Every structure is written in C-alpha cells, then in structure tokens.
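One structure below.
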Amino acid sequence: MNARSEIAFDLPTDQKTGYVGKSVPRSGARRLVQGRGCYLDDVRLPRLAHVVFFRSPHAHARIKSLELSKARSAPGVIAVFDGSDLLKICTPWVGVLGHLKGIKSAPQ
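Just so you know, we're using my numbering here: the sequence shown kicks off at 1 and counts up by one.
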C-alpha cells in the first residue's frame, strides 16, 4: 500500500501538555550537585572485597607472562590469580545462542 494518508489536527496551546520539552525540577538535585550524593561505590559493607581484571590493551594479543609478586604483596590484596591459576579450578565454556544456529563464542 503506497497511498499516503495525512491527518490534520490542532494541538492545544493553552493547556498543559506534560513535561515534553520542559525542564523538570529534581527533588534531590541540590544534594547531588553539592557532592553529597550517596552512590553504590560509597557503601562499605563488612567483608566487602573488590575485583580487578587486567587484560591486554591489544585485541587478540596473548599475555606471555606477568610479574605478580608486587600485586600479591600490596596492602589489602586478598588474592591474585593469572590464567594458569584459573585453568586449575575453572572449566572453559563456549557460549551459544539458540536462535543463531552454528554461532559460538571463543572458549571463555
């Protein structure tokens, strides 16, 4: 169907039409712009630990070796693992999508 249909109607200009195109005051904005917001990163729970992943900055590059002694001895560090450590405890898996037959991820 290639026929074009046009509908003409008038928008009310004297009535409130909602918040589209208008500034909306935020009730908590003052606290946030003053630096007094509380974010997830600000929450400290007992026994909370953080994780960091180090990856090569080059696509498809292989990291041949890592010197981890300084990282392992840094204050507050609980554990440091490299790929060989994880291979001992993790089984690699391949991701597949049911609706895309034959498409598989590289071993993770």
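Ideal Cβ positions, reconstructed from N, Cα and C, are used throughout, including at glycine.
Quantities reported herein were computed from a predicted structural model and do not represent experimental measurements.
For residue i, list the residues DSSP reports as bridge partners.
i	result
Val96	Lys104
Alpha carbon to alpha carbon, how far is residue j from residue i? Give it in angstroms, no decimals.
i	j	result
Gln34	His50	27 angstroms
Gly37	Pro75	29 angstroms
Asp41	Val77	18 angstroms
Ser69	Phe81	11 angstroms
Going by beta carbon distance, what residues of the same chain come within less than 6 angstroms of residue i, once the five residues before and after it are set aside?
i	result
Ser56	Ile63
Nearest to residue i by CA position, among the options, is which residue?
i	options	result
Leu66	Arg31, Asp85 and Leu32	Asp85
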